[in-house]
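Peer 1: Have a look at the structure that comes next, please.
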Amino acid sequence: MKKQVLSAALALTLGASLLACGAKSEGNAGGDTSVKAEEGKSDAATDEKAENKTKGSGETLTVLYMSGVYADAAKSMVDEFEEKTGAKVEVIDMPYTELHQKMLLDFTSGAGTYDVIDVASQWDGEFAPYLTDLQPYMEKDDVKAEDFIDNVIANSGKWQDKYIGIPNASTPQLFAYRTDIFPNGLPDTWEKYREELKKVTKKDEGFYGASISGITGQLGGVFDYVLWSMGGAWADENWKVTIDSEETRKALEHLNDLQESLDPNWLNWGTDQSIQAFLNGDAAVCETWPTLGLVQDADNPEKSKVVGKWALSVIPKEKTGITLLSAWDCAIPEGSKKKDLAWEWIKMYTSLDKQKEFYSNHAILSPRKAFWEEDGIKGTYMDTVREALDTANMWWRVAASTQVDTSFNTLISAYLSGQSDLDTTVKEMKAAVEEALQQAPPEEGTKNYNH
């Protein structure tokens, strides 16, 4: 059994600690000379602020984010940004299922509707031809790549040695679980995990071992983290398809067997439904992105029946322990006519101060190394989360990946609902990967360093 990663009470404490850290200031110990120096800095800051405000005056910046915490964080920053730059900001948000198509349509039509977009990092390679090279901006304002977690920035915002986005969120797939049911944490293997969930499931009482998002758009990711933890992959580094494997069969069989401990409607559940089931006290484990609503509400007595009885854990290690990485990076479309102003927005949104604020208010995990060194973060159970970010993986970051994921969602759902057998499903999954690579081959020389 693994120890719990992050308790509910600790999560709240950490948020408060970060705000306190951000509010600290040093006293003036240098007499009149220091006072004059500070006055000089103040004058310079005032001049810079006035200059920035002049640059943005009369402009309207349009920014696009996924609905939920990332868009909420953007909206919380609008007043400060408008005051600083003199510009107006319009925050547009859309659900994840619509975001990819909306962005791609804007690029290919040349509409230039958006000045800043928050890109799901698995789309980086596909979108790269339509995005602005941010290296000149980074050099101008001393934004350093080494300030970000190496594995995260390698998978988020950087493509073919070019920086096309600045990472703003990085979350390894974590599970939420009931500490009163699993006081020693979750098992380290999927087999033991299934056994434990089966033991606590009480179907006649409407209580299940786990709640999972099985709807199209989420199910593929569930399969991925099981597959990767077992040592499987979609293809090797040279794009030779390897999905027809023993690991794939075991991952599919795991999900099929796990259904004995899941609500019968789980294949129709999105993130909201799986989180709500856990908050209602109807599941012992929640396999979803807990920062998308669970951690915000789990200790609110008006919204939760599991107050003080939950924690976060990494997924069962199995063979590799590789989990799924959700990462997002802020980018500037080439079609934007307000690139300088857009950069000012990105610079503020991804700054360490804002990242700490967004964690406290929205539970967004920062990709910045310094965030994880803060008092109240380092030396706690959060160290386990940080370690997971060093190895967490995502889909291929090429155009074919979206087609593969879409196909996998459909095929796996058909298998789990009894419409297809195991061998047929694996055969069709292999064909889907081969077709996607044929229709959208990776650029020559591009290696598959994801799975």
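Note that my numbering has the sequence shown beginning at 330, numbered continuously upward.
Note that beta-carbon positions come from the ideal geometry of N, C-alpha and C, so glycine has one too.
1) Distance, Cα to Cα, residue 478 vs residue 718?
2) Go through its chain and collect everything with a Cβ distance to residue 672's Cβ below 7 Å, but skip five positions before and after it.
3) Assuming residue 505 contacts residue 701 (C-beta within less than 8 Å), just tell me the rounded distance between them.
4) Between residue 666 and residue 441, which are expected to be in contact by the criterion C-beta below 8 Å, what is the C-beta distance as a whole number of angstroms?
5) Determine contact between the stretch 417-437 and the stretch 385-397, defined as no fewer than three beta-carbon pairs at a distance below 8 Å.
6) Looking at the structure shown, is residue 501 part of a helix, part of a strand, or coil, going by DSSP?
7) How would you call residue 403, buried or exposed, if buried means at least 16 neighbouring beta carbons within 10 angstroms?
8) If you draw a straight line from the C-alpha of residue 361 to the C-alpha of residue 676, how long is it?
9) If the criterion is Cβ atoms closer than 8 Å, does the pair residue 389 and residue 416 meet it?
10) Going by alpha carbons, who is nearest to residue 778 out of 500, 456, 480?
11) Just tell me which of 764, 720, 711 has its CA closest to the CA of residue 737.
12) In three-state DSSP terms, what is residue 471?
13) Leaving out the 5 sequence neighbours to the left and right, which residues in its chain are closer than 8 Å to residue 743 when beta-carbon positions are compared?
14) Quick check on residue 707: buried or exposed, where buried means 16 or more other Cβ atoms within 10 Å of its Cβ?
15) Note down, one range per segment and in chain order, each beta strand (DSSP E) of at least 3 residues found wholly within the stretch 444-498.
16) Which value, in whole angstroms, describes the spacing of the CA atoms of residue 694 and residue 714?
17) Select from 449, 406, 405 the residue whose C-alpha is nearest the C-alpha of residue 728.
18) Taking the alpha carbon of residue 575 as the reference point, which residue from 387, 527, 776, 752 has its own alpha carbon closest?
19) Under three-state DSSP, which class holds residue 539?
20) Within 8 Å (strictly less), CB to CB, does residue 595 reach chain C?
21) Mind pulling the alpha helix (DSSP H) runs of 4 or more residues that sit fully within the stretch 610-681?
22) In or out: residue 516 buried (at least 16 other Cβ within 10 Å) or exposed?
23) Given this structure, state the Cα-to-Cα distance separating residue 443 from residue 757, to the nearest angstrom.
24) Count Cβ pairs between the stretch 516-526 and the stretch 587-603 that sit closer than 8 Å; are there 3 or more?
25) Assuming residue 649 contacts residue 643 under a Cβ cut-off of 8 Å, what Cβ separation, rounded to an integer in Å, is found between them?
26) Looking only at C-alpha atoms, which of 498, 720, 407, 476 sits nearest to residue 655?
27) With H, G and I counted as helix, E and B as strand and the rest as coil, what does DSSP make of residue 594?
28) Go through its chain and collect everything with a Cβ distance to residue 774's Cβ below 6 Å, but skip five positions before and after it.
29) Which of the three DSSP states is assigned to residue 394 in this structure?
30) Using a Cβ-Cβ cut-off of 8 Å (strictly less than) and excluding sequence neighbours within five positions of residue 567, which residues of its own chain qualify?
Peer 2: The structure says:
1) Counting from 1 along the sequence shown, the entry for residue 478 is found at position 149. Counting from 1 along the sequence shown, the entry for residue 718 is found at position 389. Their Cα atoms are separated by approximately 8 Å.
2) By one-based count along the sequence shown, residue 672 stands at place 343. Counting only Cβ-Cβ distances below 7 Å, and skipping sequence neighbours, we find 466, 661.
3) Here residue 505 corresponds to residue number 176 of the sequence shown, with the count starting at 1. Here residue 701 corresponds to residue number 372 of the sequence shown, with the count starting at 1. Not confirmed; about 20 Å, so no contact.
4) As a working mapping, residue 666 is identified with position 337 in the sequence shown. As a working mapping, residue 441 is identified with position 112 in the sequence shown. Residue 666 to residue 441, Cβ: 7 Å. Contact.
5) Because the criterion of three Cβ pairs below 8 Å is met, the stretch 417-437 and the stretch 385-397 touch.
6) Here residue 501 refers to the residue found at position 172 when the sequence shown is read from its first residue. Looking at residue 501 - three-state DSSP - the assignment turns out to be strand.
7) As a working mapping, residue 403 is identified with position 74 in the sequence shown. Buried.
8) Residue mapping note: residue 361 aligns to position 32 of the sequence shown, counting from 1. Residue mapping note: residue 676 aligns to position 347 of the sequence shown, counting from 1. Confidence at residue 361 is low in this model, with a pLDDT of 45, below 50, so the placement of that residue is unreliable and no value is reported for it.
9) Along the sequence shown, read from residue 1 onward, the residue named residue 389 stands at position 60. Along the sequence shown, read from residue 1 onward, the residue named residue 416 stands at position 87. It is a contact, given that the beta carbons lie within the stated cut-off.
10) Taking the first residue of the sequence shown as 1, we reach residue 778 at position 449. Answer by Cα proximity: 480.
11) Against the sequence shown, residue 737 aligns to sequence position 408. Closest option to residue 737, Cα to Cα, is 764.
12) For the purposes of this step, residue 471 is taken as residue 142 along the sequence shown, with counting starting at 1. Here residue 471 sits in coil by DSSP.
13) If you number the sequence shown from 1, residue 743 lands on position 414. So the list reads 749, 754, once near-sequence residues are dropped.
14) Taking the first residue of the sequence shown as position 1, residue 707 is located at position 378. Classification of residue 707: exposed, given that the 10 Å Cβ count is below 16.
15) As far as the stretch 444-498 is concerned, its whole beta strand (DSSP E) runs of at least 3 residues are 445-449.
16) Residue mapping note: residue 694 aligns to position 365 of the sequence shown, counting from 1. Residue mapping note: residue 714 aligns to position 385 of the sequence shown, counting from 1. Taking the straight line from one Cα to the other gives about 10 Å.
17) Counting from 1 along the sequence shown, the entry for residue 728 is found at position 399. The residue from 449, 406, 405 with its alpha-carbon nearest to that of residue 728 is 449.
18) Taking the sequence shown and counting its residues from 1, the one referred to as residue 575 is at position 246. Here the closest residue by C-alpha is 752.
19) Stepping through the sequence shown from its first residue, residue 539 is reached at position 210. In the structure shown, residue 539 sits in a strand (DSSP, three-state: E or B).
20) Looking at the structure shown, chain C is missing, and only one protein chain is on hand.
21) 623-626, 668-678
22) Against the sequence shown, residue 516 aligns to sequence position 187. Classification of residue 516: buried, given that the 10 Å Cβ count is 16 or more.
23) Stepping through the sequence shown from its first residue, residue 443 is reached at position 114. Stepping through the sequence shown from its first residue, residue 757 is reached at position 428. The alpha-carbon atoms of residue 443 and residue 757 are separated by roughly 38 Å.
24) Judged by Cβ distances under 8 Å, the stretch 516-526 makes contact with the stretch 587-603, as three or more pairs qualify.
25) Position 320 of the sequence shown holds residue 649. Position 314 of the sequence shown holds residue 643. About 12 Å separates the two Cβ atoms, so there is no contact after all.
26) Against the sequence shown, residue 655 aligns to sequence position 326. The shortest Cα separation from residue 655 among 498, 720, 407, 476 belongs to 498.
27) Stepping through the sequence shown from its first residue, residue 594 is reached at position 265. In this structure, residue 594 counts as coil in the three-state DSSP scheme.
28) If you number the sequence shown from 1, residue 774 lands on position 445. Closer than 6 Å at the Cβ level, and outside the excluded window around residue 774, lies no residue.
29) Within the sequence shown, numbered from 1, the residue matching residue 394 stands at position 65. Correct three-state label for residue 394: strand.
30) Taking the first residue of the sequence shown as position 1, residue 567 is located at position 238. Around residue 567: 776, 777.
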